[in-house]
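Engineer: What follows is a single structure, and I will ask about it in a moment.
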Amino acid sequence: MKISIDDKIKKLISAFQLPPVLGFGTVMAPIMISVDYEKGNWNKAEVIPYGPLSLYPTCKALHYAQEIFEGLKAYKVNGEGPYIFRPEENAKRFNISATRMAMPSMNENQFIDLCEQFALLCAPLIPLNSGESLYIRPFMFATEESLGIKPSEKYKFLIIGSPSGAYVTGDSMSCLIEREYVRASPGGTGFAKTGGNYARSILSSIKAKDLGLNQSLWLDSKNRRFIEELSGMNFFAMIKGVIHTPSLSDTILKGITRDCTLEIAKKEGIKIHEGPIDIEQLIKDIKTGDCSELFACGTAAIITPIAKLCEENAISYTPKYPDAPTGLKLRKILLDIQEGKTNDPFRWRKKLIS
């Protein structure tokens, strides 16, 4: 489905200039794609200028948090591309989230097509340095004007984008072991990509920041013992030469980068174990040297070393290799595939053609 654009949109794109410092998610593309849902159907997609939205104070998303989103990237390095990476997985996860939040699904092909068209329109805005990308954020929220607690009958789907640099600045990060609060509980929405999951993590993030740390590491809600994930990333530990990561459940987001990391590791001949990771046993393994490295992954962060885990009382646990050489090796392989620098044996990357 080709979306027509007028001269105003073309001028917005041609006039856009990348600033010298990008940051992550702070510089916004000057356009967005908008599609409304009403009376049981999706309307025609439009390309409109990026700008404020007009909503009624009774908009259901503002009161009952019917909202979901996705995140994916487009790359254009050394003049090659633009490439988009595994949008079909984002489309599947978007609809899984929609089902859990009692929201309408979107045809997966339409979702992919809209993301690809957005990337093509914004191709001149994609930064060209390795590690940089156009971060694409499709999202949907309830727009019905009513205070009744029921599923909305109207929704808005938008795609916005941000030419971005690295999500985590520096070579590694340090994480707070969160023992007070929980991110998700069985039967809840932990596996859905909905804003409420992230809202629950913010108070702990403030605590981590006050301690000079980057992220919170979440434990299970029942025992406060088994590692689940970071606030925005999946977790890995290298123990006795084997990559360990928590097995997926309804409290853990099914990360697309997580899946890539595991597939690349398998291809590299690295053993993998998906299962429970007891935080106390992990601490023992770090102290004895059995746990040699820690790292995390996500769409924004790619794969990032975890230099240490910390308690609120300032006690910290540093693995033998805080720079996570295995994690960085996997990161390079993944980034080379994403940016078109090497062959893609998994067929994850797609070159977009206008």
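In this text, residue positions in the sequence shown follow my numbering: the first is 1085, and each later residue adds one.
Built from N, CA and C at the ideal position, the CB exists for glycine as well.
Looking only at DSSP bridge pairs, what is residue 1247 linked to?
Structural biologist: Note: residue 1247 sits in a beta bridge opposite 1218.
Engineer: Quick one: which unbroken beta strand (DSSP E) runs of 3-plus residues sit fully inside the region 1247 to 1294? Chain order, please.
Structural biologist: Counting only runs of 3 or more, we get 1257 to 1262.
Engineer: Give the DSSP-derived three-state secondary structure of residue 1163 in the structure shown.
Structural biologist: In this structure, residue 1163 counts as coil in the three-state DSSP scheme.
Engineer: Tell me the rounded alpha-carbon separation between residue 1272 and residue 1424.
Structural biologist: Answer to the nearest angstrom: the Cα atoms are 38 Å apart.
Engineer: Comparing alpha-carbon positions, which option in 1316, 1160, 1116 lies nearest residue 1215?
Structural biologist: The candidate whose alpha carbon is nearest that of residue 1215 is 1160.
Engineer: Would you kindly report the start and end of the unbroken beta strand (DSSP E) that includes residue 1380?
Structural biologist: Start and end: 1375 to 1382.
Engineer: Under 7 Å Cβ to Cβ from residue 1383, same chain only, skipping five residues before and after it: list those, please.
Structural biologist: Once the five neighbours on either side are set aside, the close Cβ partners of residue 1383 are 1155, 1156, 1157, 1340, 1341.
Engineer: Where does residue 1395 fall in DSSP's three states?
Structural biologist: Coil.
Engineer: Between the Cα of residue 1248 and the Cα atoms of 1328, 1386, 1348, which residue gives the shortest distance?
Structural biologist: Out of 1328, 1386, 1348, 1386 has the C-alpha closest to the C-alpha of residue 1248.
Engineer: Distance, Cα to Cα, residue 1297 vs residue 1366?
Structural biologist: Spanning the two alpha carbons is a distance of roughly 19 Å.
Engineer: Between which two residues does the alpha helix (DSSP H) containing residue 1420 stretch?
Structural biologist: Its alpha helix (DSSP H) spans residues 1409 to 1422.
Engineer: Quick check on DSSP: helix, strand or coil for residue 1206?
Structural biologist: In the structure shown, residue 1206 sits in coil (DSSP, three-state: anything other than H, G, I, E or B).
Engineer: Apart from the five residues just before and just after residue 1305, which ones in its own chain have a Cβ nearer than 6 Å to its Cβ?
Structural biologist: Once the five neighbours on either side are set aside, the close Cβ partners of residue 1305 are 1266, 1269.
Engineer: Count the other CB atoms within 10 Å of the CB of residue 1277; is the residue buried (16 or more) or exposed (fewer)?
Structural biologist: Answer is buried; the Cβ neighbour count reaches 16.
Engineer: Here's a check: name, in chain order, each residue in its chain whose Cβ is nearer than 6 Å to the Cβ of residue 1393, leaving out the five neighbours to either side.
Structural biologist: The residues are 1259, 1261, 1401.
Engineer: Near residue 1112, which residues of its chain fall below 6 Å by C-beta distance, leaving aside the five closest residues on each side in sequence?
Structural biologist: Around residue 1112: 1134, 1246.
Engineer: Go through the region 1119 to 1155 residue by residue and report every complete run of the alpha helix (DSSP H) that reaches 4 residues or more, in order.
Structural biologist: Whole alpha helix (DSSP H) segments, 4+ residues: 1144 to 1148.
Engineer: Identify whether residue 1228 lies in helix, strand or coil by the three-state DSSP scheme.
Structural biologist: The answer is coil: DSSP assigns residue 1228 none of H, G, I, E or B.
Engineer: Which complete alpha helix (DSSP H) runs does the region 1302 to 1387 hold, if anything under 4 residues is left out?
Structural biologist: 1340 to 1351, 1363 to 1372, all fully within the region 1302 to 1387.
Engineer: Would you give the residue range spanned by the alpha helix (DSSP H) that residue 1094 belongs to?
Structural biologist: It spans 1091 to 1099 - the alpha helix (DSSP H) in which residue 1094 sits, taken as one unbroken run.
Engineer: Tell me, please, whether the region 1231 to 1243 touches the region 1284 to 1301 by the rule of three or more beta-carbon pairs shorter than 8 Å.
Structural biologist: Segments in contact, no.
Engineer: Rounded to the nearest angstrom, what separates residue 1104 and residue 1137 at their Cα positions?
Structural biologist: Going by the C-alpha atoms only, they are around 28 Å apart.
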